[in-house]
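Here the UniProt record's numbering is used: position 32 in the sequence shown is 32, and no number is missing along the way. All C-beta atoms in this analysis are idealised placements derived from N, C-alpha and C, irrespective of residue type, glycine included. Just so you know, these numbers come straight off a predicted model, no measurement behind them. The next block holds one structure in the form of structure tokens; read it before the comments.
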Amino acid sequence: MDVARGKEIHGYAIRHGFDADVFIGSSLIDMYAKCTWVEDSHRVFCLLPQRDAISWNSIIAGCVQKGMFDEGLKFFRQMLMAKIKPRHVSFSSVMPACAYLTTLHLGKQLHGCIIRGGFDDNVFIASSLVDMYAKCGNIRIARWIFDKMKLHDMVSWTAMIMGYALHGHAHDAISLFKQMEMEGVRPN
Numbered sequence: 001m002d003v004a005r006g007k008e009i010h011g012y013a014i015r016h017g018f019d020a021d022v023f024i025g026s027s028l029i030d031m032y033a034k035c036t037w038v039e040d041s042h043r044v045f046c047l048l049p050q051r052d053a054i055s056w057n058s059i060i061a062g063c064v065q066k067g068m069f070d071e072g073l074k075f076f077r078q079m080l081m082a083k084i085k086p087r088h089v090s091f092s093s094v095m096p097a098c099a100y101l102t103t104l105h106l107g108k109q110l111h112g113c114i115i116r117g118g119f120d121d122n123v124f125i126a127s128s129l130v131d132m133y134a135k136c137g138n139i140r141i142a143r144w145i146f147d148k149m150k151l152h153d154m155v156s157w158t159a160m161i162m163g164y165a166l167h168g169h170a171h172d173a174i175s176l177f178k179q180m181e182m183e184g185v186r187p188n
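Next up, the structure:
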């Protein structure tokens with residue numbers, strides 16, 4: 001996305017008083033984050049008089065995608081304190097932060113929220129959970145979640161195989177890779 005064009009649109013929104021609209025603000029947060037201008041995303045977010053789940057999810061995803069994991073987790077906590085109910089995209093966005101920071105304790109808390117919210121059957125969330133547990137070294141739980149999944153996407157296969165490989169389970173990694181190929185999934 002062309003950030004100069006996005007800034008033009010942002011300027012237009014300010015001049016015409018649309019910048020306080022939560023939908024416009026959320027779109028601007030998302031646009032700046034995708035252009036890797038996370039600081040501008042923060043600025044737009046902080047200036048919003050009202051925030052909804054979309055604006056919170058946009059800022060969380062932007063932080064995590066830029067590698068600002070602690071910041072993404074901070075915004076997730078603030079979203080909860082603001083009494084905004086997390087959606088499936090909230091968990092899909094924040095779980096990679098737990099995985100990269102290897103914060104198993106927080107990941108388990110989020111897993112509990114996912115189950116209570118009824119999001120545990122979502123393939124993207126399940127893949128994020130497999131990735132988080134595998135990176136945190138809890139291969140047994142990662143495999144249990146993987147086996148429970150109705151469908152496996154490339155992310156879930158890769159997360160489980162890499163988890164095995166990273167933690168010294170080479171035979172399991174090779175076996176799962178062969179199973180993936182037998183199921184017709186081509187490695188990328």
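For residue 109, which three-state DSSP category applies? helix
Are the CB atoms of residue 114 and residue 130 nearer to each other than 7 Å? no
Determine the burial state of residue 135: buried for a count of at least 16 other Cβ atoms within 10 Å of its Cβ, exposed for fewer. buried
Residue 55 and residue 26 closer than 7 Å at C-beta: yes
Under three-state DSSP, which class holds residue 82? coil
Straight-line gap, residue 105 to residue 98 (C-alpha atoms, nearest Å): 9 Å
Look at the alpha carbon of residue 79 and the alpha carbon of residue 94, and state the distance between them as a whole number of angstroms. 12 Å
According to DSSP, simplified to helix, strand and coil, what is residue 63? helix
Apart from the five residues on each side of it in sequence, which residues of its chain come closer than 6 Å, Cβ to Cβ, to residue 33? 41, 62
For residue 189, I'd like the list of residues in its chain whose CB is within less than 8 Å of its CB, leaving aside the five on either flank, ordered along the chain. Outside the displayed span of the chain (1 to 188) sits residue 189, for which this structure offers no information.
Take residue 148 as the anchor and find which of 74, 123, 29, 159 has the nearest alpha-carbon. Relative to residue 148, the option among 74, 123, 29, 159 whose CA is nearest is 123.
Please classify residue 185: does DSSP put it in a helix, a strand, or coil? coil
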